[in-house]
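**Student:** In my numbering, the protein residues as written are 39 to 235.
By construction, the Cβ of each residue, glycine as well, lies at the ideal position given by its N, Cα and C atoms.
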């Protein structure tokens, strides 16, 4: 699957158009919007993977308000904030929405390209891991969660009220589903790496 859709929310038309042209030339599929309402209305139809969002949108709702609302519509949407205002108070408010990054205006083209490329690497890795995790049954997922807490087969068996042999069978099946090497701790390493993003 191709992840390349970016929603740009920027109230300054000239800055927004510059940003859109730069990203289109870099091969991204973009939509440019100048206010909160239009951006919210376009979320379901356009289904972006990433939003590049100015924090200050002039009067009314801010970019932070947009991100909070967007999270209820597209929970997997990742965010990069663009701002000319980098006061601690604004950054603290923005940090609560867990953005991937910030770009401080005036930005340069290289900075935008590198930041967006890194964002899409993160998005692709996250989606790939989600797809792998979806192959697991609920019981298998629960076992991996317990493994990530460094619990041994005996403890997991007691927690789930099953035999140690059943847990060993599940571990074997999980290793096969995840294409892991059949060696000591391969499942623990995978769980520690992938379940705590």
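Using DSSP bridges, identify the partner residues of residue 110.
**Tutor:** Numbered from its first residue, the chain shown carries residue 110 at position 72. According to DSSP, which records beta bridges pairwise, residue 110 is partnered with nothing at all.
**Student:** Which class does residue 93 belong to by DSSP, given the choice of helix, strand or coil?
**Tutor:** The sequence position of residue 93 within the chain shown is 55, counting from 1. Residue state, collapsed to three classes: coil.
**Student:** In the structure shown, what three-state DSSP assignment does residue 148 receive?
**Tutor:** Within the chain shown, numbered from 1, the residue matching residue 148 stands at position 110. If DSSP states are grouped into helix, strand and coil, residue 148 belongs with the helices.
**Student:** Within the continuous alpha helix (DSSP H) that includes residue 211, where are the two ends?
**Tutor:** The residue given as residue 211 occupies position 173 in the chain shown. 202–215 is the span of the alpha helix (DSSP H), which, as asked, contains residue 211.
**Student:** Residue 169 by DSSP, collapsed to three states: which one?
**Tutor:** One-based indexing of the chain shown puts residue 169 at position 131. Residue state, collapsed to three classes: helix.
**Student:** Pick helix, strand or coil for residue 74, following the three-state DSSP scheme.
**Tutor:** The sequence position of residue 74 within the chain shown is 36, counting from 1. Of the three classes helix, strand and coil, the one that applies to residue 74 here is helix, per DSSP.
**Student:** With DSSP run on the structure shown, which of helix, strand or coil describes residue 119?
**Tutor:** In the chain shown, the residue the question calls residue 119 occupies position 81. Residue state, collapsed to three classes: strand.
**Student:** Looking at residue 94 and residue 135, is the spacing between their C-beta atoms short of 8 Å?
**Tutor:** Taking the first residue of the chain shown as 1, we reach residue 135 at position 97. Taking the first residue of the chain shown as 1, we reach residue 94 at position 56. For residue 135 and residue 94, no; Cβs fall outside 8 Å.
**Student:** For residue 100, which of 72, 141, 139, 211 has the nearest alpha-carbon?
**Tutor:** Within the chain shown, residue 100 is the residue found at index 62, counting from 1. When each option's Cα is compared against that of residue 100, the closest is 72.
**Student:** Do residue 163 and residue 116 count as a contact pair if the criterion is CB distance below 8 Å?
**Tutor:** Within the chain shown, residue 116 is the residue found at index 78, counting from 1. Within the chain shown, residue 163 is the residue found at index 125, counting from 1. Going by C-beta atoms, residue 116 is not nearer than 8 Å to residue 163.
**Student:** Label residue 92 either buried or exposed according to how many other C-beta atoms from any shown protein chain fall within 10 Å of its C-beta, with 16 as the threshold for buried.
**Tutor:** The residue given as residue 92 occupies position 54 in the chain shown. With 16 or more other Cβ atoms within 10 Å, it is buried.
**Student:** For residue 235, which of helix, strand or coil comes out of DSSP?
**Tutor:** Along the chain shown, read from residue 1 onward, the residue named residue 235 stands at position 197. The predicted position of residue 235 is uncertain, since its pLDDT is 45 and thus under 50; a value taken from the coordinates is nonetheless stated next. Looking at residue 235 - three-state DSSP - the assignment turns out to be coil, as it is neither helix nor strand.
**Student:** Apart from the five residues just before and just after residue 235, which ones in its own chain have a Cβ nearer than 8 Å to its Cβ?
**Tutor:** Residue 235 sits at position 197 when you count from the first residue of the chain shown. At residue 235, the pLDDT of 45 sits below 50, so the modelled position is not reliable; the number obtained from the coordinates is stated separately. Closer than 8 Å at the Cβ level, and outside the excluded window around residue 235, lie 164, 167.
**Student:** Residue 232 CB to nearest chain D CB: under 8 Å?
**Tutor:** Structure shown: chain D not included; a single protein chain is present.
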